[in-house]
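One structure is given here, and the rest of the page talks about it.
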Amino acid sequence: LTPSAAANLASFHAYLRSSKRILALVGAGLSASSGLPTFRGTGGLWRNHDAMELATPEAFSNDPSLVWQFYSARREAALRAIPNKAHYALAELARRMPEFLTLTQNVDGLSTRANHPPNQLLHLHGSLFSLKCTSFYCDFQQENNFTHPLTPELAIASEMSALYAHIPQSGLPHCPKCRTGLLRPGVVWFGEALPWRVVKTADDFISAGKVDLILVIGTSGTVYPAAGYVDRIRMQGGKVAVFNIDVDDNESEDSFWEADSSDSYANRTKWTFEGDAAEWVPLALE
Ligand code: BJW
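Read left to right, the sequence shown gives residues 30 to 315 (the UniProt record's numbering).
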C-alpha cells in the first residue's frame, strides 16, 4: 500500500469501529471477480444484445425465447461461479454486527452461498432462481429453483454458446400450477416495482436510527430506487465509502459518489477504494 492508501484505510477502520449502524449497497461489480459480467461498461453485452434491453417486461412479451435464453445462460453462469472474498467479508461483518444490513441488487445468489445471514440480506432486484407465473389468473411463485436447464430446449442457451435458435413457446418453462401460463424469472425488470416487503424492511432500518455508514460496492449507482439509498444516508449525516474498480469513470457520469463540490454534504463521501472489490472489501472490513 502507498502511504496515502494506508492512511485512507486507517481512517476508514477507525470510523468503521466507531459505527453502530451500517448499510451496504452492492451491485454487479461485487461478483465481477467471481467471473460474472456486469451490466454496463465492458462485458455488458450478451450475444450483441444490450443486457438493459433484455431486462424489461416488453422484451419478455415480444420475445420470450430470447429473454429466457439470456436468463438461462445467466443461471448457468451463476451456478458455476463461486463467491469471492468480498462476499465472505460482508457475511462476516453481518455476523459481527447485528445492526448491519446488505442491500444487494445482484440476482446471482452468491451472497447467500457465502453464508450471509439471510435476515441481514435484502434482494432488491429478486433472484435468478425464483420463478413466477405470468398468467394474470395464477399466483404461482417459487424460490430456490436451481434446476438447470429448466427445459431441455433451454440447454442450447449456454454462456459459452454463440448460437441463437428460436425456441417455440412449448419449449419454454411453464407453470406447474395452472399448467397454461408461461413462467418468468423472479427478477425486477425496468418499470416494475421492487418487492414491497424488501423496500419496507430497508425503510424501517433507515428510519429506526441514524445509519453511520453506507458501503457502496461495485455498483454504477445509476438504477433507482436502489441508488437513492446513498443520498438518503448522506442526508441523515451518514458517511459513504465507495469500492469500485473505476471511480473516475463513474464520477464523470455524474454519479453520486463525488456529489457537487462545495459543501460538507460532498465531504460525506469520505473514502474511495479504487480497485477490485474482492481485494479491497476484505481489507477494509477486517
Ligand atoms: C467493479 C468491479 C470490480 C466492475 N470491483 N467494482 C428515478 C430517476 C430516474 C429513473 C428512475 C427513477 N426511479 C425509477 C426510475 C426508472 C428505472 C431507473 O432507475 N432507470 C435508470 C436507468 C435511469 N427504475 C426502475 O424501473 C425500477 N422500478 C421502479 O422504479 O418502479 C417504480 C414503480 C413503482 C410502483 C409500481 C410500479 C413501478 C426497477 C429497476 C430494476 C433494475 N433491474 C435490473 C435487472 C435485474 C434483473 C437482471 O439481473 O437481469 O437490475 S437492471 C440492472 O441494473 C440490474 C442491476 O441490479 C442494476 C444495477 O446495476 P449495477 O449492479 O450497478 O451494475 P452496473 O453494471 O451498472 O455497474 C457495475 C459497477 O461495478 C461499475 O461501476 C463498475 O465500474 C464496477 N466494477 N468490476 C469493483 N471487480
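Positions of the beta carbon are idealized from the N, C-alpha and C atoms, including for glycine.
These numbers were taken from a predicted model, which means no experiment stands behind them.
Residue i in three-state terms, based on DSSP
i           : result
K268        : strand
K161        : strand
S156        : strand
N135        : coil
D277        : helix
residue 27  : Lying before the first or after the last residue shown, residue 27 is absent from the chain, which here runs from 30 to 315.
H203        : strand
V55         : strand
V217        : coil
L130        : strand
H78         : strand
V240        : coil
I185        : helix
I235        : helix
I262        : helix
residue 341 : Not covered by the structure: residue 341. The range shown for the chain is 30 to 315.
E172        : coil
Neighbourhood of residue i by C-beta distance below 6 Å, restricted to the same chain and skipping five residues each side
i    : result
S140 : H116, T133, L150
A110 : S63, G64, L65
L130 : L52, Q149, F234
T180 : G200, P202
T163 : G210, L211, R213
K114 : A307, P311
W218 : A84, T85, P86
F169 : C162, C204, K206
K239 : Q265
E172 : S159
A34  : none
S47  : none
Whole-number beta carbon distance between residue j and residue i, since they are thought to touch under 8 Å
i    : j    : result
L30  : L38  : 7 Å
D305 : I274 : 6 Å
V310 : L119 : 7 Å
V276 : T301 : 5 Å
L157 : V96  : Wrong, their Cβ atoms sit about 13 Å apart, outside the cutoff.
K49  : E128 : 6 Å
Closest by C-alpha distance to residue i, when choosing among the options
i    : options                : result
V271 : G247, Y258, I262, R261 : G247
W225 : A194, F169, G155       : G155
G56  : H42, F68, S47          : F68
Y253 : V269, G220, M264       : G220
I262 : P147, S249, I243       : I243
E315 : M126, A255, V269, S249 : M126
A256 : A237, A61, L223        : L223
Beta-carbon contacts of residue i that lie in its chain and below 7 Å, excluding the five residues immediately before and after
i    : result
H195 : S94
S101 : P178, L179, L183, A186
F41  : A270, W300, A313
Sequence-distant residues of the same chain with beta carbon closer than 8 Å to residue i, five excluded per side
i    : result
H145 : H116, L119, A120, A123, T131
L74  : A80
Looking at C-beta atoms only, is the number of pairs between the segment 214 to 233 and the segment 138 to 155 that lie closer than 8 Å three or more?
-> yes
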